[in-house]
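When we follow our numbering, the leftmost residue of the sequence shown carries the number 88, and every step to the right adds one. Virtual Cβ for every residue (Gly too), placed ideally from N, Cα, C. Since we're looking at a predicted model, the values are computed, not measured.
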Amino acid sequence: MAFGYTGNILRINLTDKKISVEQQDDQFYRTYMGGKAIIAYYLLKEIDPKIDGLDENNKLIFATGVMTGLPMAGMPRYTVGAKSPLIDGFGQSEAGGFWGPELKKAGFDAIIVEGKSEKPVYISIRDQQVEIKDAQHLWGKETGEVQEMIRTELKNPHAIVAQIGPGGEKLVRYACITNNLKHYNGRNGMGAVMGSKNLRAIAVSGTGKIEFHDPEAIHRISKDFLSIMMEHPQSRGLYDYGTSGAVAALSLQGYLPSYNFQIGEFEDAEQITGQKLVETLLKKREGCYACALKCKRVVEIDEENCRVDPKFGGPEYETIAGFSCICGCNDLKIVSKANELCNRYGIDTITAALTISFVMECFQKGILTSEDTGGIEVNFGDSAVIYKLIEMIAKREGFGDLLAEGSFRVAEKIGRGSELLVMTSKKQETASLDGRTKAGLILAYGSAENGPDHMYVIHDQMLAKAGAIVDELSAIGVSQPVDTLDFGWEKARVFKALSEWTSFMNSAGVCILAVMPRGAVSAQTVVDLLRAATGWNTSLDEILKAGERAIAMGRMFNIACGMTKEDDFPSPKHFLPLVNIKAPSFKVDRQEYDDLLVKMYKIRGYGEDGVPSEAKLHELSIGWLA
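This is the structure:
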C-alpha cells in the first residue's frame, strides 16, 4: 500500500478533452519526492525545451509532495511548473494554502495539463470525478468574483479554487495562480501559461483520506511542535508579525532596498514594519492547512479613498518592501491596496513592484519621459500612479502592455542605459532584498534554476554568529559561522548544503518557514516525519540527495533551453556600489562573484561551465539525462 502519496497522476489534454490517469510506483516517489522534481521529470521527458513558454505544446504541471497534507504545521505545499514565459527556462512556483492537500484527498498527486482549449474552460475535480467545464462567462472577471461563481455552479461552497485572474488571461509574463484568494504560485509566470491554455481555474474537492504509514508518530510530533512553537524565536516572530517583522532593523543595517535599489536604507522604515501593520491595519491572522503559525496577514481598510477587502488577505514582506521603500512610499495603506489590486488581477507582486520602481528610476533620471509613458508622470512615492500602472499592466493597456513583459524586456525595448537599472537574473526580478549585502543571497539570485529565489538558501547574516541557528544546521553540514560577505570555499560549501535542504522541502511539500532554521521543526524531525508518512527507512543523507537531484534536473532543463554560465550572473546593477548615508555601504565585485560561482559548480560536481558531469548525473540516479 502507498503511504504519503496516491500513486495517481492525472493527465488532462485540453485540445481533445481527453482525461486519463497514470500510476507511478514507490521507487518513482522515493527518487523524486514530488513538487519541483516531478515537474522537472515530466518537462525533461515530454516537451521540446526550445518552444516558447506560451506555446500550446508547453505543459503545465501541478504537483504535491510526499509530505503534503501531513496534519501538522508546515505541510501544505504544492508546486506549479512549466517552461517559464518570463525566464525562458525551468519554471516552478510553490504555494501553500489548502489546494495541495485537497488534491490528494481527491485522489491525485499531480495534474499534467496539455494542449490548449479552443474556448475558455475550467476543471472540476470532485474526488476522482473530473470534468472540463465552460468558462466563457468567467473570462475577464476578477478573482474574487470567479471563486464565488465557480463554487455556486458546482453547488460546493467548500471547493478549493486555484485560478488565474485577468492578468493571466492577458498573458502578463508574470501572472500568478491563486488558491482561496490568499495563497499564490507567484513567480515565473505560471498564470500566463495557464492563460495561454484558455484554462481559468481548477476547482478541487476531496472527501478521501490521505493515508500515512504511522499516524500516531505524526500526531506525537505535531503535539511536540505545538508545545515549543511559541517559545521558538523564529516561529513566534512569524506568528506575531508575519514575514515583515525585521524591516526597521534591515534599514539600520543598510539591507533594505529603497528607490529601486539605489540605497539600502529608508527614512520612514518604522512606518512600514510588520509591527506597524499589526497596530494599524491587521484584521486577523490566518494560516495554511493544519498550521498554527498563522503567518498570513489579513487586512481590512474601509476609507473613501482606500478600500481593501479582507478576502484578499494582506501584504507580506516582499510586497511591503516592493510597494513601499522600493517605490518610495511610506504608507501601509497604499501597500495594502496595491497588494489587493495585484491579487484581484492575478499578477506577481514582486515583479509588478520592481517593474514599476524601475520605470520610476528611469523617469527620475530622464531616460523615460511622459511622452514614453502615454502622458503619465511616473514618480517615486505616487500612489495613484502605482494603482494605475497595476491596472494597465493587468489589462495590457497603453504603456502597461510593455510593462506586462517585465523590467528586463522593457529595458531591452527602450535601451538608453536603462539596462543598468534593472534588478533581474534570468530575466526575472530579484526579490525585495539586496544581493549586494549577502554573498549567499546574490549567488542564489544568479544561480537558482528557476531564476532569482530569495528562499533558495537562508540569508547569510543568520549564519554569521555562533548560536542556536548554526547549531541546528550542523545536522546538514553547516558546523561553524561564516561571514555574510565571505566569497570563499566555505560559503560555497554552505550554499550547497542549504540549497539542497530547501530543494528537498520544495519537492516534498514542506514549508520552509516551519522548518529550521526559519522555524521550530528540526532536521531530524523532518526525517522522522518522512518515515512516518511513507514508511521508508530513509535518512538525512537521502533527503539531501533528493534535493540535489531536483536542482540538477532543473539545471539540465535550462541547459537544454540554451542557458549557459552567463545566465547564472545577475544583472549589472548588482555589481554597482550600494551607497548608504547612515548605514554601511556595499559592493560586490563581478570577478569575486565569478570565483564563488565556479567554486559552487566544483563542489556540486559540475564543470566550470556549470554543466553537471556524466558521473554526477549517474550518482544522482538520473543517468538518463547524460
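Only residues of its own chain outside the window of five on either side were considered, and among them Pro172, Leu173, Gly276, Ala279, Ala491, Glu492 and Gly493 have a CB closer than 7 Å to the CB of Arg260, listed in chain order.
Here the C-alpha atom of Gln340 lies approximately 41 Å from the C-alpha atom of Leu141.
DSSP places Asp355 in the coil class of the three-state scheme, outside both helix and strand.
Segment contact: the segment 434 to 452 against the segment 494 to 505, three or more CB-CB distances shorter than 8 Å; contact assigned. Contiguous alpha helix (DSSP H) elements confined to the segment 542 to 578 occur at 555 to 560, taking only those with 4 or more residues. Distance from the CA atom of Leu707 to the CA atom of Glu629, rounded to whole angstroms, is 10 Å.
For the options Arg98, Ile477 and Lys123, the alpha carbon positioned closest to that of Ala169 is the one of Lys123. One thing to note: Thr151 has its Cβ within 8 Å of the Cβ of Ala197. When secondary structure is reduced to three states using DSSP, Asp389 falls in the strand class.
For Gln250, the secondary structure class from DSSP, reduced to helix, strand or coil, is strand.
The C-beta of Trp588 has 16 or more other C-beta atoms within 10 Å across all chains shown, which makes the residue buried. By the Cβ rule, the segment 569 to 577 does not count as touching the segment 126 to 134, because fewer than three pairs are nearer than 8 Å. Of all C-beta pairs linking the segment 642 to 651 to the segment 602 to 622, fewer than three are shorter than 8 Å, placing the two stretches out of contact. Excluding five sequence positions before and after His300, the CB atoms of its chain that fall closer than 8 Å to its own CB belong to Phe90, Gly91, Arg618, Ala619, Ala620, Thr621 and Gly622, given in chain order. Only buried fits Ala637, as 16 or more other CB atoms lie within 10 angstroms of its CB. Here the alpha carbon of Gly522 sits roughly 4 Å from the alpha carbon of Ile529. Contact between Arg287 and Gln250 holds, since their C-beta atoms are separated by about 6 Å, short of 8 Å.
The secondary-structure analysis by DSSP pairs His270 across a beta bridge with Asn266.
For Asn267 against Val167, the beta-carbon gap comes to about 15 Å, at or over 8 Å, which does not count as contact. Between Ala610 and Leu627, the beta carbon gap of about 6 Å places them in contact (Cβ cut-off 8 Å).
DSSP, reduced to helix, strand and coil, places Asp214 outside both helices and strands of the structure shown, so it counts as coil.
From the listed residues Val581, Leu441 and Gly295, the smallest Cα separation to Ala498 is found for Leu441. Pro671 has its alpha-carbon roughly 15 Å from the corresponding atom of Leu663. Here DSSP, grouped into helix, strand and coil, assigns Gln223 to coil. A distance below 8 Å separates the beta carbons of Ile501 and Leu455.
Closest in alpha carbon position to Tyr688, among Phe673, Ala535 and Ser561, is Ala535. Counting only unbroken stretches of 3 or more residues, the beta strand (DSSP E) elements lying wholly within the segment 380 to 460 are 383 to 386, 388 to 390 and 393 to 395, in sequence order. If you draw a straight line from the Cα of Cys393 to the Cα of Val386, it is about 12 Å long. Between Gly121 and Ala595, the beta carbon gap of about 6 Å places them in contact (Cβ cut-off 8 Å). Counting the other CB atoms within 10 Å of its CB gives Ala439 a total of 16 or more, which places it among the buried residues.
Of all C-beta pairs linking the segment 421 to 440 to the segment 398 to 407, three or more are shorter than 8 Å, placing the two stretches in contact.
Cβ neighbours of Val217 within its own chain (closer than 8 Å, five residues either side excluded): Leu97, Ile99, Ile106, Ile210 and Ser211. In the three-state scheme derived from DSSP, where H, G and I count as helix and E and B as strand, Val614 is classed as helix. With 16 or more other Cβ atoms inside 10 Å of its own Cβ, Gln321 counts as buried.
Gln349 and Asn417 do not touch by the CB rule: their CB atoms are close to 16 Å apart, not below 8 Å. Judged by DSSP in its simplified three-state form, Ala197 adopts strand.
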